[in-house]
Structure formats: structure tokens, C-alpha cells
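Presented below is the structure to which this report refers.
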Amino acid sequence: MKNIRQLSRAWADTTRPILFETFRLRVNLDSYERLRGLSACTLCQELVKTIDYDGNIIDTLAAAYGFDRWLSCSAGGGMGLMPKDRDRFLEKLTDKKLQTCYQNYCQYGLGQDEMLRQGEAKRWLVEALSRFPAIHNMRYSVKTQRDRVIRDGVPSLDSLSSVAQKILAEPEGYHRYMNNEEQFWGLLDSLCKTGRSTHLHSIYGEGLELWRWSKIAGSLECHKRLPALRNLSLKFDFAQHGRDETTELSAMISHCLSLENLCLSFENFSFEDPTAVIHLPDIISDSAQLDCLGTLSLTAVNTTESGLRKLMQRLSKSLRSLELSTIAFGEASPADVHGKGSWILFITFLAEKMLLDHVRFSGSLTNGWDEAWVMQDAGDVEIGLDGMEQPRTFAEDCLKHQIERYVTRRGPTPFVAKTENDDYDYDYGCYSLDKLPWKINLDDSWWVEERLLA
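Counted from 1, the sequence shown has number 366 at position 360 by my numbering; the numbering is strictly sequential.
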């Protein structure tokens, strides 16, 4: 695209809106300088719609000890290379090239450290972002363990990203620097201070730690002043949680009255440690007005069946898409008619009372008593007999697809009431599940994990 722009002025005018619609910002001095330079260009100021903040950083510790330590510890890092492939990749490069990349790496690290200093990045952000009147979206993300892909073979230098070609490494999400949440809030607060809060439509954050995210939010007000926000997606890392950690998140959701799409993920939770669990009422309060919400995605949340039903009923007029992953039902206190909760009854409720066009169940759906459903999606990776990763595949009539079609009213119920003659034929090999009053043809897409039962 950049080469096309050089052919003529007409091509430059045509491609400019595409090239500058999203600016990808890195935690590096050069990246901030480019942002400042772009903000000074009057032809481009109206074109930038999205700031995509890549919070990944390089580890500067090894490089500080000299070239040899950098070569053994940092060169080739973050690129998904196996140790032998990394060695072969570095052996292809001349000593002069390695020395140049080491110098570039050190320079990159100095610029990174400059931006990580308290307040420096934010001051620069406010100055630059004030010149972009059309910014509607912000994204912040860092690589997580799930994002790391093993590269097969030895890559050529020109197949790498522009940053990796320069410093022989890909920045990663090093949590020991503890900067992720500061950078997220620095970007959002900067946008708000430049007057963008009134027309900010989308916020995306990934690789965040809830306790630090909440601590910083407690000293700010920007997350409570987003009247135009339509899309909110926040993905937090699995962790233990202290009391009141969800207060600021709940307040943010409650103040976003225009939300149309909400995605909240806490990655996972512990069945043994009660402090490593997020409870649904603590993040979506009963007083939250979500009249516009059309899409809801929840991952790793604990709730009662009655609580989830009430939320669905509140959203019934607008909600058309629902995704639930790794959700656990608990017993209400005081106990109510739903007891410990039943996922089959809840799924039936969705089919009968909601008007969903899309539904997706994944991970696990449990009640800790007599239902512990575990499911897989087509495309999920499994390890084959040869030790290599391969995507799962399922037939259209697999149980998971049958259930999801049933909820969206595109198929019959897969849960048929048992008769006395069915008891022997539907023996799950688990006492609690054997007593379920339904016939369910389990398969590889939807099965029982007895370990998840009390």
C-alpha cells in the first residue's frame, strides 16, 4: 500500500484513509515520535479513528550485561522458535548484522524505559491525541501464554515484522514490569482529557490484572464518563481476588448507558479457592441499565441460576447474542426454587423465553452437584498421536450444535425426558448424572467431567 502511494498523488489521496485509520502505538520512544509527527499532519488528523496500543515490551536486563549475554538470552526471543531453530536462525546472520541488531535492541530498550517512566508517556499522549478529533476506538493488548505460537522451521529475516528485523526479537508481555494497567488507563484517561470521551465508541483491553486495574481506576473518573460507549471488551488474567476488586468495573458498566456489546473474561477460576472466583452480581449490578445491550459474552464467572435468569429477563428485549464459557452455578442464599441450579433447565429457559439469534457455549458449565458439562469447539487445538497440534472437527449433528440450534429455535430439544425403560440405557457411569431425568446422547463435543462434581 505504501508503495502504491508513491506512484502518484491520486493514489496517495485514495490510500491515505486506509493507511491512517488505525495507528498502532508501541511502548517505545520512536513510536511516540511517529504519533506526534502524524498528529502534526493536517491531512491525516481527521483520518485516525482507532488507537491500537501494543503493550508488549522487550526485556532489557540481559542486554545491559553486554553483547554475549544478549545473544544467548534475548536474541531470537518472542518469535516462537524452538531452541535448535533459534540457534540455526542466528547462525545464518553475520557478526556485523548481529552487532547492529544488538545496538538497535539497546536503543529500543532505552526508548521503552523512557516511556515507562511515571507520567512521561501520558504527557506525550495528551499532546498528540488532542489533534485527532475523529478517534472513536481504543485497543490495548499484550501477548498472553495463549497467544504464543510455535514457529515451524527457521524463518528468513525478511519474513519477520519490521521490529523483529531491526532488533532480532518480538516484544512480549513481561508482567514483572507491572506496566500493563498503567498503560491502559494512561491511554483512556488521555483520550478523555482531550475531549474524546463524549464520542468514544469502543474500548478493548486484554492481558490485564484486575486488582491493579481496579486500584488505578479508583483514582480516576474517566471510566464513569463514557456516554457514547457501545462496545466494551475487557479480558483479565486468572488470579486471586481481594474484596471490592470489582467495584470500579461494576461502576464502569453501570455508567455506560449506551452499551450494545459487552465481553468480560476472567480467563478461569478455581473450584477449591473461593478467592479465585468472580461473582456475576459483583460485576453487573441489579441497578445497571443495559437497555441497548444486544451481545453479552461472559467467561469464568460464578452465579446462581436464578441470578442469571433474572439478568436474561432484564435483557430480553434487546439481547440477541449470548456466549457463556466456564460458568459455575452455586446455590442461592437463602435457598430458592432453583436450588443448586441446572444447566439443562437454564438452557430450556433460554429457548423458551429469549429470542436469541446466536448462542455459544464453551469451556465448562457446572453446578458442582449433578451437572458438569465440558465442551469443545470446532477449531480448538488438540495434540495428535504424532505429538503435533491439530484442530478438532465435529459433525453438524453433534450434541453441542444441537443444543445451540435448540436455544436459537432452529432445532428440536436434545433433552428428552426419561421413562422407566430408559434408565439402563442411559447409564453415564456417575451416580449423580445417572439420576438426571433426561436422555442425552453425549459425544466429543459435549461430555461429562466427573472431577468437577463435589
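Ideal Cβ placement from N, Cα and C applies to all residues, glycine included.
When 426, 219, 243 and 297 are compared against residue 307, the one with the closest alpha-carbon: The option with the nearest alpha carbon to residue 307 is 243.
Assumed close pair residue 211, residue 190 - CB separation to whole angstroms, cut-off 8 Å: Confirmed, about 5 Å.
Quick check on residue 105: buried or exposed, where buried means 16 or more other Cβ atoms within 10 Å of its Cβ? The residue in question, residue 105, is exposed, as its Cβ has fewer than 16 Cβ neighbours within 10 Å.
Buried versus exposed, by CB contacts within 10 Å (16 or more), residue 196: Classification for residue 196: buried.
Own chain, CB closer than 8 Å to residue 313, minus 5 neighbours either side, in chain order: Excluding positions up to five away in sequence, the list reads 286, 287 and 338.
Since residue 57 and residue 193 are thought to touch, with beta carbons under 8 Å apart, how far apart are those beta carbons, to the nearest angstrom? Right, the Cβ-Cβ distance comes to about 7 Å (below 8 Å), so this counts as a contact.
In three-state DSSP terms, what is residue 161? Under the three-state reduction of DSSP, residue 161 is assigned to coil, being neither helix nor strand.
DSSP three-state label for residue 459, please. Coil, per DSSP.
Reduced DSSP secondary structure (H/G/I, E/B, other) of residue 104: The three-state secondary structure of residue 104, taken from DSSP, is helix.
According to DSSP, residue 242 sits in a beta bridge with which residue or residues? Its beta-bridge partners are 214.
Restricting to Cα atoms, I'd like to know which of 253, 442 and 88 is closest to residue 158. Selected option, being the one with the closest Cα: 88.
Just to confirm, is the Cβ distance from residue 217 to residue 247 under 9 Å? A distance below 9 Å separates the beta carbons of residue 217 and residue 247.
Where do the N-terminal and C-terminal ends of the beta strand (DSSP E) with residue 258 fall, by residue? Residue 258 -> not in any beta strand (DSSP E); alpha helix (DSSP H) instead, spanning 253-261.
Rounded to whole angstroms, what's the CA-CA distance from residue 209 to residue 122? Just pull it up for me. For residue 209 and residue 122, the distance between alpha carbons rounds to 22 Å.
Residue range of the beta strand (DSSP E) that includes residue 350: Taken as a continuous stretch (DSSP letters only), residue 350 belongs to no beta strand (DSSP E), being part of the alpha helix (DSSP H) at 349-359.
Does the beta-carbon of residue 331 have 16 or more other beta-carbons within 10 angstroms, so that it is buried, or is it exposed? With 16 or more Cβ atoms within 10 Å of its Cβ, residue 331 is classed as buried.
Going straight from the alpha carbon of residue 310 to that of residue 454, what length do you get? Taking the straight line joining both Cα atoms gives about 20 Å.
Measure the CB-CB distance between residue 116 and residue 41 and report whether it falls below 9 Å. At the C-beta level, residue 116 and residue 41 stay beyond 9 Å of one another.
Do the stretch 353-370 and the stretch 408-417 make contact, defined as three or more Cβ pairs closer than 8 Å? Here the stretch 353-370 makes contact with the stretch 408-417; the two share three or more CB pairs at distances below 8 Å.
Quick check on residue 182: buried or exposed, where buried means 16 or more other Cβ atoms within 10 Å of its Cβ? Unreliable placement is indicated for residue 182, whose pLDDT of 47 sits below 50; the coordinate value is still reported in the next sentence. Around the beta carbon of residue 182, fewer than 16 other beta carbons sit within 10 angstroms, so the residue counts as exposed.
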